[in-house]
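See the structure below:
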């Protein structure tokens, strides 16, 4: 009788059981639109802070603490996907124990955030007055609780997805985000910038409640003892943290950036954070969707064919750029005109100008970030995640050295160049680990496939950037046409993914 191969520890996160239900054929466009709706809610929460509380020291204090919270939020976002195989494993029969362990991970990280976060907060908010640092500390505590609810909710979301309820789970996230946006507006009006943290906490609490209800029959995590440091807990924590290490590292780059870069005024913290968040949302609406589809389909094979991984990388990157590049051009070209049309009583003109000053270089960094996001999905599918994670510190060294070489990143261009160097170095290291011999040819093929996709958005950007409104509108129309054409072209990618599923 044929014996079943037991998955090794390094591949546990990519070994899907055959019984895992699928949601049917979901195109790149459908998934990207769903992700974009969630991104719009996040943008709305960010803008509510600027519109209601206004720019200033307290707003910068909130954003400094939010920067420290972002890695935990990113971990929660990845657990939604990387946790599915944990629930799908044949040996993972006790799902209540697993959801409890994931909630325990959230609690442990929240305690760590409260213990260590103030040290980072003092460095990031060093240019702010003492009263604003108190706001930062209160925000940090509130966000730590929100992080616990987000990670616990992500565990139940992974369970719901393993039960074939991915779309319903996504709807819960969207509705919780809308409710959190409303709560943010009310709380900011009542207590100022700290109210934004209250809105994040409301969102996390509703996510946890909704996902628990969706994963029918599962008890809440607090009905089981939370063992934060036993062997099983440490094993689960190691697996989930390893699987999320790459996207979490991207958010930690922001922490390092704000800690090292010089802050000539309160607006610099706000401008860097908002431009960074925009690029992160852009990646989520395109590269993470395409990469997630690849992880879901390519990883159905216990030992994915290296040729299949290479093909997905070369075909998936252009599909993601067809969505991301036109959206970035629209933001860069039309965004400044929209900002100038808003009354200065609503948004500060100097602040919006500084945000767009940083947004240009940050959007350029999205190119190596896009490569990195796709490679992360392939690392999960190929079982090379641990080896990839070991190379992460090199990107931090490159970023720190580049910022110091530019005298602390005194200009937006310096920040963009430093981040680009760090991300490019990491992309090359990841490709070498994942593709081994011939990795240079794979990167070359992928780059050759991406360049034509960037030509039309690049032309629109060249025509409309810092141009009068009429010319900017023409460039925006060109970018929208390019987006629609890209959606049509992506049908070929959808067909390829469907063929992979049928293998």
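Residue numbers (this note's numbering): 1012 to 1514. Note that the Cβ used here is the ideal one computed from N, Cα and C, for glycine as well. Given the structure is predicted, the values throughout are model-derived calculations rather than measurements.
Taking 8 Å as the upper bound for CB-CB distance, residue 1218 and residue 1161 are in contact here, some 6 Å apart. Assignment of residue 1321 by DSSP, reduced to helix, strand and coil, places it in the helix class. Annotation: residue 1342 to residue 1376 spans about 15 Å, alpha carbon to alpha carbon. Per the Cβ contact rule, the region 1489-1509 is not in contact with the region 1360-1375 (fewer than 3 Cβ pairs under 8 Å). Counting along the chain, residue 1107 sits inside the alpha helix (DSSP H) bounded by residues 1106-1135. Within the region 1387-1416, the complete alpha helix (DSSP H) segments of 4 residues or longer fall at 1396-1400 and 1403-1416, listed in chain order. The three-state reading of DSSP puts residue 1468 in helix, counting H, G and I together. By the C-beta density criterion, residue 1166 is buried, having at least 16 other C-beta atoms within 10 angstroms.
Ranking 1434, 1398 and 1394 by CA distance to the CA of residue 1409 puts 1434 first.
Following the DSSP letters along the chain, one finds residue 1222 inside the alpha helix (DSSP H) bounded by residues 1205-1225. In this structure, the CA atom of residue 1055 is about 28 Å from the CA atom of residue 1382.
The region 1189-1199 makes no contact with the region 1108-1128; the number of CB pairs closer than 8 Å stays below 3. Taking 8 Å as the cut-off, the Cβ atoms of residue 1154 and residue 1076 count as close. With a cutoff of 8 Å on beta-carbon distance, residue 1149 and residue 1205 are scored as near each other. Within its own chain, the residues whose Cβ lies closer than 7 Å to the Cβ of residue 1254, once the five positions on either side in sequence are excluded, are 1024, 1089, 1093, 1391 and 1396, listed in chain order.
When rounded, the separation of the alpha-carbon atoms in residue 1121 and residue 1444 is 32 Å.
Each of 1407, 1475 and 1457 was checked against the Cα of residue 1259, and the nearest Cα belongs to 1407.
Taking a C-beta distance under 8 Å as the contact criterion, residue 1128 and residue 1079 qualify as a contact pair. Contact annotation: residue 1063 and residue 1200 have beta-carbon atoms nearer than 8 Å. Judged by DSSP in its simplified three-state form, residue 1476 adopts coil rather than helix or strand.
Taking the Cα positions, residue 1348 is about 14 Å away from residue 1361. About 4 Å separates the beta carbons of residue 1442 and residue 1450, which is inside the 8 Å limit, making them a contact pair. Secondary structure note for residue 1149: its alpha helix (DSSP H) is the uninterrupted segment 1141-1173. In this structure, 1324 is the residue among 1263, 1137 and 1324 with its C-alpha nearest to the C-alpha of residue 1453.
Under the three-state reduction of DSSP, residue 1378 is assigned to helix. In this model, residue 1280 and residue 1271 are separated by some 12 Å (Cα to Cα). In the structure shown, residue 1179 falls within a helical segment according to DSSP collapsed to helix, strand and coil. With a contact defined as Cβ atoms closer than 8 Å, residue 1403 and residue 1256 qualify at about 6 Å.
In this structure, residue 1222 lies away from residue 1157, with their beta-carbon atoms at least 8 Å apart. In this structure, DSSP gives residue 1447 a state outside helix and strand, which the three-state scheme calls coil.
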